[in-house]
Amino acid sequence: MMKNASGSFNPFQSTGLVAVVGTIFALVIAGTALGLGLGIGLHSDSQNLTLVTSTTISTSVTTASTSTTTSTILSTYQGSLTNSSAVYGGVNQSTTNYTFEAIQVYTNTTGTYTFTGTSGSNLQLYGYLYNGTFIPTNPQTNLITKSDSSSGSSLQFNLTSAITSFTEYILLVTSANQTSTGSFNITASGPGTILFTRRNVYSQFVNYGSTFNSGTDQVTNGSVYINLNNPVTGVDGTVITGYVSQVSMTFSVAPNATGGLIYIYVMNRTATTLTFTPSGFYQIPSTSLSSTTGVQTVSLPRNQLPVNTGQYIGVGQSTGGGSLAAVQNQNSASFVTSSFTSLPAATYTNVTNGVAFQYQIYTAGAVYG
Numbered sequence: 246m247m248k249n250a251s252g253s254f255n256p257f258q259s260t261g262l263v264a265v266v267g268t269i270f271a272l273v274i275a276g277t278a279l280g281l282g283l284g285i286g287l288h289s290d291s292q293n294l295t296l297v298t299s300t301t302i303s304t305s306v307t308t309a310s311t312s313t314t315t316s317t318i319l320s321t322y323q324g325s326l327t328n329s330s331a332v333y334g335g336v337n338q339s340t341t342n343y344t345f346e347a348i349q350v351y352t353n354t355t356g357t358y359t360f361t362g363t364s365g366s367n368l369q370l371y372g373y374l375y376n377g378t379f380i381p382t383n384p385q386t387n388l389i390t391k392s393d394s395s396s397g398s399s400l401q402f403n404l405t406s407a408i409t410s411f412t413e414y415i416l417l418v419t420s421a422n423q424t425s426t427g428s429f430n431i432t433a434s435g436p437g438t439i440l441f442t443r444r445n446v447y448s449q450f451v452n453y454g455s456t457f458n459s460g461t462d463q464v465t466n467g468s469v470y471i472n473l474n475n476p477v478t479g480v481d482g483t484v485i486t487g488y489v490s491q492v493s494m495t496f497s498v499a500p501n502a503t504g505g506l507i508y509i510y511v512m513n514r515t516a517t518t519l520t521f522t523p524s525g526f527y528q529i530p531s532t533s534l535s536s537t538t539g540v541q542t543v544s545l546p547r548n549q550l551p552v553n554t555g556q557y558i559g560v561g562q563s564t565g566g567g568s569l570a571a572v573q574n575q576n577s578a579s580f581v582t583s584s585f586t587s588l589p590a591a592t593y594t595n596v597t598n599g600v601a602f603q604y605q606i607y608t609a610g611a612v613y614g
């Protein structure tokens with residue numbers, strides 16, 4: 246890429262499209278910490294410079310004494326949402342995650358632009374325009390305008406905003422359904438050409454809890470356990486929004502690999518009490534377990550168990566589910582039950598030991614213009 250005389254980055258100059266300084270924006274297409282560990286990985290494909298198709302439309306306006314001709318330039322982009330796209334919790338950070346794609350938008354002309362998203366795959370697309378950075382865990386920050394179900398759009402988005410040159414923006418587009426996949430088209434219309442470049446999205450994996458233990462059995466079978474304050478980080482509940490991607494457990498009594506029943510729960514806690522209400526659960530397939538003691542790690546399906554900031558993760562062991570080892574200097578809350586698939590809201594008992602249970606949460610990193 247080349248710079249102009251003032252030293253500013255100008256993709257138009259390098260491609261020979263427009264030999265003047267432009268403006269950087271970003272377009273995001275979307276389909277939604279503290280702990281003992283943090284992993285960061287590159288989620289999406291490499292950043293590819295995508296030259297767009299541009300069409301100029303001239304409009305003539307004539308009055309009694311003057312005739313004025315204005316030009317509207319159409320720029321297009323094609324993309325897709327897939328099962329491997331990055332996810333976030335939606336603009337309202339609900340308990341459902343939505344796929345998205347991030348695209349940088351560059352123009353060299355200040356003016357009013359309209360961005361329209363359509364899909365031949367029956368995706369119900371939503372659009373959100375941000376000033377600068379899009380933060381998946383805090384999607385209300387920097388939000389300028391939107392086009393979604395609350396603003397009357399149907400199977401497309403259509404939003405218009407003033408775009409100032411030398412200013413970074415992000416257009417975030419999301420699907421109404423977390424399971425929707427398919428291709429989409431974006432059309433930008435305005436006084437200048439738009440250059441689209443797909444952006445990388447970084448995945449973050451945050452671990453809570455620990456599989457280190459005291460070597461004694463906590464006798465967890467027939468109960469649900471929720472670890473409270475982490476002895477290392479002091480974390481009480483989760484501090485990010487994402488989904489549970491993996492759990493690790495240290496068994497002092499081996500589970501049954503041909504029929505053991507183990508459940509992972511997302512819990513809401515009533516403030517200042519030990520009353521917990523489940524908001525969702527996942528039953529670990531017994532085929533994912535081995536009939537041995539010690540540490541076992543199980544990966545959960547993508548997006549299967551969404552979690553929000555302030556929620557808790559619990560583990561329940563029914564028939565054949567084995568028993569977890571105790572963790573000293575770690576309080577926990579327990580509840581004896583036989584209704585693991587219809588767990589009620591209940592007041593749990595405070596326990597002076599925790600259980601050897603660790604879970605991992607996936608979340609998407611910030612996208613910069």
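For the sequence shown, the residue numbers in my numbering are 246 to 614.
Built from N, CA and C at the ideal position, the CB exists for glycine as well.
What you are looking at is a predicted structure, and each value in this text was computed from that prediction instead of being measured.
Considering only the beta carbon of each residue, do residue i and residue j sit closer than 8 angstroms?
i: residue 494; j: residue 331; result: no
i: residue 521; j: residue 591; result: yes
i: residue 519; j: residue 574; result: no
i: residue 453; j: residue 603; result: yes
i: residue 499; j: residue 536; result: yes
i: residue 238; j: residue 548; result: No answer is possible for residue 238: the residues shown for the chain start at 246 and end at 614.
i: residue 560; j: residue 458; result: no
i: residue 463; j: residue 569; result: yes
i: residue 496; j: residue 467; result: no
i: residue 392; j: residue 403; result: yes
i: residue 562; j: residue 512; result: no
i: residue 593; j: residue 558; result: no
i: residue 504; j: residue 599; result: no
i: residue 362; j: residue 346; result: no
Which of the three DSSP states, helix, strand or coil, is assigned to residue i?
i: residue 580; result: strand
i: residue 392; result: strand
i: residue 420; result: strand
i: residue 238; result: The question about residue 238 has no answer, for the chain in this structure spans 246 to 614.
i: residue 411; result: coil
i: residue 594; result: strand
i: residue 403; result: strand
i: residue 611; result: coil
i: residue 440; result: strand
i: residue 552; result: strand
i: residue 474; result: coil
i: residue 364; result: coil
i: residue 457; result: coil
i: residue 466; result: coil
i: residue 294; result: In this predicted model, residue 294 has a pLDDT of only 46, less than 50, meaning its place in the structure is not dependable; the value taken from the coordinates is given anyway. Note: residue 294 maps to strand in three-state DSSP.
i: residue 600; result: strand
i: residue 326; result: strand
i: residue 562; result: strand
i: residue 605; result: strand
i: residue 619; result: In the structure displayed, the chain extends from 246 to 614; residue 619 sits before or after that span and is not available.
i: residue 376; result: strand
i: residue 452; result: strand
i: residue 545; result: coil
i: residue 350; result: strand
i: residue 281; result: Annotation note: pLDDT 39 at residue 281 (below 50); position unreliable, no value reported.
i: residue 335; result: coil
i: residue 572; result: strand
i: residue 382; result: coil
i: residue 355; result: coil
i: residue 567; result: coil
Indicate whether at least one CB of chain C lies closer than 8 angstroms to the CB of residue i.
i: residue 439; result: Here chain C cannot be found, since the structure has a single protein chain.
Return the Cβ separation of residue i and residue j in integer angstroms, given the expectation that the two are a contact with Cβ distance under 8 angstroms.
i: residue 384; j: residue 451; result: With a Cβ gap of about 18 angstroms, residue 384 and residue 451 do not count as contacting.
i: residue 434; j: residue 358; result: 7 angstroms
i: residue 489; j: residue 550; result: 4 angstroms
i: residue 348; j: residue 444; result: 6 angstroms
i: residue 431; j: residue 612; result: Residue 431 to residue 612, Cβ: 16 angstroms. No contact.
i: residue 320; j: residue 366; result: Actually they do not touch by this definition, with Cβ atoms about 21 angstroms apart.
i: residue 610; j: residue 446; result: 7 angstroms
Item to check | Contact between the segment 405-415 and the segment 344-356 (3+ Cβ pairs under 8 angstroms) | outcome: yes
Checklist entry - Counting Cβ pairs, one atom from each stretch, are 3 or more of them under 8 angstroms apart for the segment 357-372 and the segment 418-430? => result yes
Checklist entry - Counting only runs that start and end within the segment 483-543, where is the beta strand (DSSP E) found for 3 or more residues in a row? => result 487-498, 507-514 and 520-529
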